[in-house]
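Position 30 of the sequence shown, counted from 1, bears residue number 12 in my numbering, the numbering being contiguous throughout.
Ideal placement from N, C-alpha and C gives every residue a C-beta, glycine not left out.
None of the values given here were measured: they were computed from a predicted structure.
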Amino acid sequence: MKKSDIHLEMTEQGFCLNAEGEKFKYSGCWSLAHRVKPETASAGFSDGLLRITVELAEGVKGLEVPVD
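Dropping the structure here:
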């Protein structure tokens, strides 16, 4: 697979990935747990691994729950 075979579209709520070569065709969409800023997205492809990086739209705050 070559970088030029990969097409990635990012939204605030997830992303879609399409890749097509001579012997394969792949397509899928994924939802993210938190909103992101799609304009900050970057992607790299090396050794068969696609790495996508994107900033969260807002900080994620959690509440610690004590375990009894």
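**A15: first and last residue of the uninterrupted beta strand (DSSP E) it sits in** = Neither: A15 is in no beta strand (DSSP E) and is coded neither H nor E.
**Residue burial classification, F(-3) (beta-carbon count within 10 angstroms, cutoff 16)** = buried
**Message:** Quick check: is the beta carbon of E46 nearer than 8 Å to any beta carbon in chain C?
**Reply:** Absent here is chain C; the protein component of the structure consists of one chain.
**Prompt:** In or out: V18 buried (at least 16 other Cβ within 10 Å) or exposed?
**Reply:** buried
**Asked** Anyone know if the C-beta pair for A39 and E(-6) falls short of 8 Å?
**Response** yes
**Asked** Roughly how many whole angstroms lie between the Cα atoms of I(-12) and E37?
**Response** 21 Å
**Message:** Using the Cβ count rule (16 or more neighbours within 10 Å means buried), how would you classify A15?
**Reply:** exposed
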